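Input: a single structure, listed below in structure tokens.
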Amino acid sequence: AFVAEVGDHMWIVGQDGGFVRPLRELRTIDELRARVGSDLRLVRGLLSRASSPDMTKARVRFALATIRAIEEASGRSITAVDFRPGDEIRLRFADLPFPVIMAGGETAQFADQGRRLRALVSSFQGDLASVQQVDLAFHKLGVVRLHDRPPSKDALKR
Numbered sequence: 032a033f034v035a036e037v038g039d040h041m042w043i044v045g046q047d048g049g050f051v052r053p054l055r056e057l058r059t060i061d062e063l064r065a066r067v068g069s070d071l072r073l074v075r076g077l078l079s080r081a082s083s084p085d086m087t088k089a090r091v092r093f094a095l096a097t098i099r100a101i102e103e104a105s106g107r108s109i110t111a112v113d114f115r116p117g118d119e120i121r122l123r124f125a126d127l128p129f130p131v132i133m134a135g136g137e138t139a140q141f142a143d144q145g146r147r148l149r150a151l152v153s154s155f156q157g158d159l160a161s162v163q164q165v166d167l168a169f170h171k172l173g174v175v176r177l178h179d180r181p182p183s184k185d186a187l188k189r
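Last residue of the sequence shown? That's 189 in this note's numbering, and every number before it is there in order.
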């Protein structure tokens, strides 16, 4: 299940893609996770109020399939997905301190990027705090942006 932002409203969307109910009384996704469960994901940019029912169903099915493919391939739990113009998405994962950008029109492309994320994260084990963002939208290429850090005192003495 996930929470979809549609215009000014948030809706709970079930595993079957059906809209369960609007959220009126809860102000944040954290409040909702505390009440419903921690595996709930926030999805933005997927739908608009102007979307037709058929377009809405197709987009929700695509979002569910994409989330499943990425989670299975990466071995990580997604907490938020922001669908952006074109085929780009920005993801937040429960155990990663940085956002991940992916792109693709098919779930197989996202699954491939999920596998690349798994490999990349394992190579940074122990130093994930130094990563600011990972961009896997390029075919067979990952761009890792690191936090700017001032040089250590030892490095300045050399």
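Glycine residues also receive a C-beta, built at the ideal position from the N, C-alpha and C atoms. Keep in mind that this is a model prediction, so the values were computed, not measured.
Distance from the CA atom of ALA142 to the CA atom of ASP179, rounded to whole angstroms, is 30 Å. With contacts defined by Cβ atoms closer than 8 Å, ARG92 and GLY48 form a contacting pair. Here SER105 is buried. Its C-beta has 16 or more other C-beta atoms within 10 Å.
Per DSSP, reduced to three states, the secondary structure at PHE129 is coil, with no helix or strand assignment. Residue pairing of ASP143 in beta bridges, as defined by DSSP: absent, with no partner found. Counting only the Cα atoms, ARG147 lies some 25 Å from ARG90. Nearest in C-alpha terms to ILE132, of all of VAL112, ASP126, ALA125, is VAL112.
Between ALA100 and GLU119, the C-beta gap is not smaller than 8 Å, which leaves the two residues out of contact. A Cβ-Cβ separation of about 11 Å leaves ILE43 out of contact with VAL37 under the 8 Å criterion. PHE169 is bridged by DSSP to nothing; it lacks a bridge partner. Linking MET86 to GLY157 through their CA atoms gives a straight-line distance of about 43 Å. According to DSSP, residue pairing for VAL44 in a beta bridge involves PHE33, PHE50.
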